[in-house]
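Residue numbering for the sequence shown follows our numbering, beginning at -7 and increasing consecutively. Heads up: the structure comes next, in structure tokens.
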Amino acid sequence: MNNRKFGYIRVSSKDQNEGRQIEAMRKIGIDERDIFIDKQSGKDFFRRNYQLVKMMLREGDILYVQSLDRFGRNKEAILNEWKDITKNIKAHIVITDMPLLDTTKYKDNLGNLITDLVLQILSWLAEEERTKIKTRQREGIDLAKKQGKHLGRPKAEITPAFITAYDIWVSLPNP
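Right, dumping it as structure tokens:
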């Protein structure tokens, strides 16, 4: 049976560039058709392309992710997904910027213990980073409000033409 290599890339927003991660996956030798990209938060794993690549994984396949925080930012969810892929699907995960998080290399008990410890610590750090980001965002919003800055979209302007159209619409008989 031929084992396949897949790449998973995540950026937090549509305006972030995934080019650097794509280039890293190409250097590993992953075919472009086997690279899956999501442009959304890492707070959970309800991401369309992540779910797709996970469904494609078979025993012995390898899922490459550039860094653990690109995989996810919720400690419990990271640990659950890691376990599901490595224990249930029996595929491998390689976090390319952290050689200790490479399930293709460390298969003995000591290796598994070290990988589990590193995974616990780094997934905790990823979640802490997300918490810090949310705190800084909240502080920025609160400061902007305190300074009287308008947040959100502008109020809709109700013009005389709108009022006329609305009055006509309201007067129409209900079907």
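Just so it is clear, CB atoms sit at the ideal spot from N, CA and C, and this is done for glycine as well.
Name the residue from 46, 76 and 36 whose alpha carbon lies nearest to the alpha carbon of residue 66. The residue given as residue 66 occupies position 74 in the sequence shown. It is 36.
Under 8 Å, with one C-beta from each stretch per pair, do the region 142 to 155 and the region 119 to 131 reach the 3-pair mark? no
Between which two residues does the alpha helix (DSSP H) holding residue 37 run? Counting from one through the sequence shown, the residue named residue 37 turns up at place 45. Here residue 37 belongs to no alpha helix (DSSP H), and DSSP marks it neither H nor E.
Can you tell me whether residue 204 is buried or exposed, with buried defined as 16 or more other CB within 10 angstroms of its CB? This structure cannot speak to residue 204, because the chain is shown only from -7 to 167.
Going by DSSP, name the residue or residues bridged to residue 56. Indexing the sequence shown from 1 puts residue 56 at position 64. Answer is -1 and 86, bridged to residue 56.
Whole alpha helix (DSSP H) elements within the region 96 to 146, 4-residue minimum: 101 to 138
Measure how close the beta-carbons of residue 71 and residue 115 come, nearest whole angstrom, since I'm counting them as under 8 Å. In the sequence shown, the residue the question calls residue 71 occupies position 79. In the sequence shown, the residue the question calls residue 115 occupies position 123. That belief holds up - the Cβ atoms of residue 71 and residue 115 are roughly 6 Å apart, short of 8 Å.
Applying the criterion that 16 or more other CB atoms from any shown protein chain within 10 Å of the CB defines a buried residue, is residue 122 buried or exposed? The residue given as residue 122 occupies position 130 in the sequence shown. So residue 122 ends up on the buried side.
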